[in-house]
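Residue numbers for the sequence shown, in this note's numbering: 319 to 539.
In this text, a Cβ means the ideal position worked out from N, Cα and C, and glycines have one as well.
Bear in mind the structure is a predicted one, so any value in this text is a computation, not a measurement.
Accompanying notes for the structure given below.
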Amino acid sequence: MRKIAPEEKRLMRRSYVKRIMNVVRTKGFLSLTISDMAKLMNMSRASLYNYFSSKEEILLEVIECYLTYIHEADQVIADESLSYQIRLQKVYEQTVLSALYASDIFMNDLQVGCPSLYAKKMDARKQRLDTVHSFYSQGMAAGLFNQLNPKVLIIQDEAALKVLTNSSFLLGEGLSLKQVLYDYYEAKKVQILKPEAISSEVDEHIHEVIERILRKLSSTF
Numbered sequence: 319m320r321k322i323a324p325e326e327k328r329l330m331r332r333s334y335v336k337r338i339m340n341v342v343r344t345k346g347f348l349s350l351t352i353s354d355m356a357k358l359m360n361m362s363r364a365s366l367y368n369y370f371s372s373k374e375e376i377l378l379e380v381i382e383c384y385l386t387y388i389h390e391a392d393q394v395i396a397d398e399s400l401s402y403q404i405r406l407q408k409v410y411e412q413t414v415l416s417a418l419y420a421s422d423i424f425m426n427d428l429q430v431g432c433p434s435l436y437a438k439k440m441d442a443r444k445q446r447l448d449t450v451h452s453f454y455s456q457g458m459a460a461g462l463f464n465q466l467n468p469k470v471l472i473i474q475d476e477a478a479l480k481v482l483t484n485s486s487f488l489l490g491e492g493l494s495l496k497q498v499l500y501d502y503y504e505a506k507k508v509q510i511l512k513p514e515a516i517s518s519e520v521d522e523h524i525h526e527v528i529e530r531i532l533r534k535l536s537s538t539f
C-alpha cells in the first residue's frame with residue numbers, strides 16, 4: 319500500500335471517526351471491538367490499522383473531533399463583532415450538541431474505559447461553561463438580557479435538553495426532535511432576551527442553526 323502523507327492521514331482519520339460518533343453517543347463503546355469499529359467505518363480491520371493503532375486511539379480522535387467543534391463555537395460566542403442575538407443562537411447550538419454527544423452512556427464508558435480522555439472531556443466542558451457564563455453576564459451588563467443567574471440558565475439547559483432530545487421521550491410523547499428544538503429555542507429566547515432585543519430578522523437564522531444540528535446528528539460533525 320502507498321505511504322499515506324501525514325496531512326492526508328489526519329484528514330482521513332477525522333473522516334472515518336465521524337462515521338462512528340453517533341453510535342458511541344447512543345450505544346457507548348466498551349462493547350465495541352476493533353472489528354465492530356472497522357465495520358462502522360466501512361473499512362476492513364487491516365485498513366483500519368493504517369490509520370489507528372488501537373481502540374484508544376480511535377476514541378482519542380472522537381474526543382479531538384468534539385473539542386475542535388467546541389473551540390470553534392467558543393470563538394463565535396466570544397466574537398464581539400457579532401450581535402448578542404446571533405451569538406445566543408450559537409450558544410444554543412453548542413448546548414444542544416454538547417447535551418447529545420456527552421450522553422450518559424458515552425460519558426460512563428469513557429470514565430470507566432479511558433479515565434484520561436474522560437478528564438480531558440470534562441476540562442473542555444468546564445471551559446465551555448465558563449465561556450457561556452461570561453457571555454450571559456456580558457449580555458446582562460449590556461442591557462439586552464434579562465437579569466438572571468447564568469449558572470441556573472446553564473444547569474437548566476443541560477437538564478432540560480438531556481430529556482427533550484432523548485429518543486425514548488420523543489417517541490413516547492409523539493414529538494419530533496426538530497419541533498422540540500424550535501420550541502425550546504422560542505422559550506429560551508423569551509426567557510433571556512428583553513422584549514426590545516427580540517428581532518424577527520435575527521430569528522430567521524435559527525432555522526439554519528437547527529437544520530445544521532439535524533444534519534450533524536444524521537452524519538456527525
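In this chain, N464 is not harboured by any alpha helix (DSSP H), its DSSP state being neither H nor E. The straight-line gap separating the alpha-carbon atoms of S486 and D427 is approximately 20 Å. Under the DSSP assignment, M330 falls in the alpha helix (DSSP H) whose first and last residues are P324 to K336. A direct Cα-Cα distance of roughly 46 Å separates N360 from Q456. Close CB contacts of K480 within its chain, under the 6 Å cut and outside five residues either way in sequence, are with A417 (chain order). Among the bridge pairs identified by DSSP, L511 is matched with F463. For D397, no alpha helix (DSSP H) segment is defined, and its DSSP state is neither H nor E. In the assembly as shown, E411 is a buried residue. Its beta-carbon has 16 or more other beta-carbons within 10 Å.
Just so you know, the alpha carbons of A459 and K469 end up roughly 16 Å apart.
Under the DSSP assignment, K357 falls in the alpha helix (DSSP H) whose first and last residues are I352 to L358.
Per the coordinates, the alpha-carbon of K357 lies some 19 Å from the alpha-carbon of L329.
In its chain, beyond the 5 residues on either side, L348 have a beta carbon closer than 6 Å to the beta carbon of G431.
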